[in-house]
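Numbering (the UniProt record's numbering), first residue to last: 1 to 366. We put the CB at the ideal spot given by N, CA and C, even for glycine. In this text the structure is predicted, and so the values were computed from the model without any measurement. Below you'll find the structure, written out as structure tokens, and then a few comments.
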Ligand SMILES: Cc1cc2nc3c(=O)[nH]c(=O)nc-3n(C[C@H](O)[C@H](O)[C@H](O)COP(=O)(O)OP(=O)(O)OC[C@H]3O[C@@H](n4cnc5c(N)ncnc54)[C@H](O)[C@@H]3O)c2cc1C
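Structure, rendered in structure tokens:
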């Protein structure tokens with residue numbers, strides 16, 4: 001494989017680096033506060049103004065038609081510049097790929113540009129109190145109504161739903177288990193949103209209660225009953241490339257190596273090892289991107305990446321805690337550590353991912 005970047009890719013990197021060095025803000029207040037949420041949204045609008053918020057999307061939706069490789073380059077530069085985490089991430093990384101593949105032209109034109117600019121912020125509403133790992137056990141339902149559907153039920157752990165404008169989720173329209181699920185888009189205005197406080201006391205998630213919320217037919221993604229297939233396409237984006245690109249972990253590894261300078265050699269060795277692992281993930285991902293660009297489907301192999309990045313992130317932050325000792329609370333490493341603890345849980349727990357790898361990638365018996 002050719003590991004060199006093309007002249008166009010190098011130019012693209014230089015352009016992104018120059019723009020970010022001028023415009024990337026310093027740390028913003030937490031996006032789990034009303035002010036922080038708005039500050040993040042304003043930053044996304046600025047990114048979108050430079051056509052840098054969704055570089056790999058087609059021009060008509062606010063992107064610039066960049067290749068997957070260029071997107072990975074963008075991400076490396078973004079995180080290296082210390083730019084803020086994306087408040088739009090569940091929309092742009094999880095819903096958008098499904099909208100592009102399964103949405104009507106009207107749905108794409110209506111929702112994608114507003115998502116790209118942060119005008120709409122989307123929350124993922126899949127999990128329910130009794131349906132997390134076993135998502136097909138979900139009981140929220142939709143009933144036909146003139147011109148559309150009425151939604152009933154209870155969703156939970158919906159990240160950023162405390163302040164988001166819209167949600168996307170699965171509701172049962174017929175049948176049992178994976179059959180008869182339908183993928184709905186909905187504004188959060190008429191949904192009862194109950195914020196859930198995280199360890200730090202801020203409402204990083206919310207519960208959503210639906211008591212006959214009306215959604216028009218135009219808010220169904222794909223056909224009624226096709227929800228599981230569409231959702232599985234979305235989980236592949238979530239676990240695979242999109243949600244957590246290597247750039248994020250490379251930036252953490254660089255900071256970790258700086259933190260470990262002059263430390264006990266055994267700890268410094270562990271930092272070096274983390275850096276090498278982040279670099280290995282980067283090279284592996286460029287390989288994956290080339291395969292996808294050649295028409296291969298990532299499929300269940302996405303689970304391998306999810307296990308690797310979530311466990312690496314936790315190792316890096318745990319090591320930072322050891323290096324900092326009681327000083328940890330004075331740095332943003334502590335917040336990072338608390339969030340890294342959740343990595344093996346969200347986007348499908350690592351126990352479930354290991355089963356997927358065993359059965360569908362390695363072909364081991366069930
Ligand atoms: C930070 C964070 C953000 C999240 N954001 C969202 C969001 O935006 N939208 C959303 O819908 N959800 C979100 N979630 C919820 C997340 O998807 C679920 O927590 C996850 O799918 C696990 O479901 P559960 O919590 O019900 O745990 P359970 O499914 O009850 O699992 C409990 C434990 O049992 C294990 N387990 C369960 N079944 C099996 C099995 N068959 N084999 C082996 N082990 C098993 C699990 O691995 C886990 O360790 C988020 C979670 C976190 C932590």
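Beta-carbon gap between residue i and residue j smaller than 8 Å
i, j, result
"residue 321", "residue 337", "yes"
"residue 277", "residue 241", "no"
"residue 310", "residue 350", "yes"
"residue 194", "residue 171", "no"
"residue 133", "residue 230", "no"
"residue 161", "residue 192", "no"
"residue 81", "residue 28", "no"
"residue 364", "residue 246", "no"
"residue 260", "residue 266", "no"
"residue 87", "residue 62", "no"
"residue 95", "residue 126", "no"
"residue 347", "residue 306", "yes"
"residue 89", "residue 243", "yes"
"residue 216", "residue 167", "no"
"residue 203", "residue 332", "no"
Candidates the options, of which the one nearest residue i by Cα
i, options, result
"residue 55", "78, 291, 172, 99", "78"
"residue 285", "53, 51, 70", "70"
"residue 67", "291, 84, 151, 25", "291"
"residue 120", "30, 201, 110", "110"
"residue 335", "283, 199, 282", "199"
"residue 232", "26, 17, 101", "101"
"residue 257", "316, 52, 239", "316"
"residue 226", "184, 84, 352", "184"
CB contact check: residue i to chain D, cutoff 8 Å
i, result
"residue 24", "Although the question refers to chain D, the structure presented lacks it and comprises just one protein chain."
Per-residue burial, residue i [other beta carbons within 10 Å of its own, 16 or more giving buried]
i, result
"residue 253", "buried"
"residue 359", "exposed"
"residue 280", "exposed"
"residue 176", "exposed"
"residue 330", "exposed"
"residue 115", "buried"
"residue 108", "buried"
"residue 248", "buried"
"residue 273", "exposed"
"residue 156", "buried"
"residue 178", "exposed"
"residue 221", "buried"
"residue 211", "exposed"
"residue 130", "exposed"
"residue 190", "exposed"
"residue 283", "exposed"
"residue 135", "buried"
Listed in chain order, which residues are found with a beta carbon closer than 5 Å to a heavy atom of ligand 1? 124, 126, 127, 132, 133, 157, 158, 159, 342, 345, 346, 349, 351
Return the chain-ordered ranges of every beta strand (DSSP E) run that is complete within the region 94-140 and spans a minimum of 3 residues. 122-125
Suppose only complete runs of 4+ residues qualify. What are the alpha helix (DSSP H) ranges in the region 238-262, listed by chain order? 246-259
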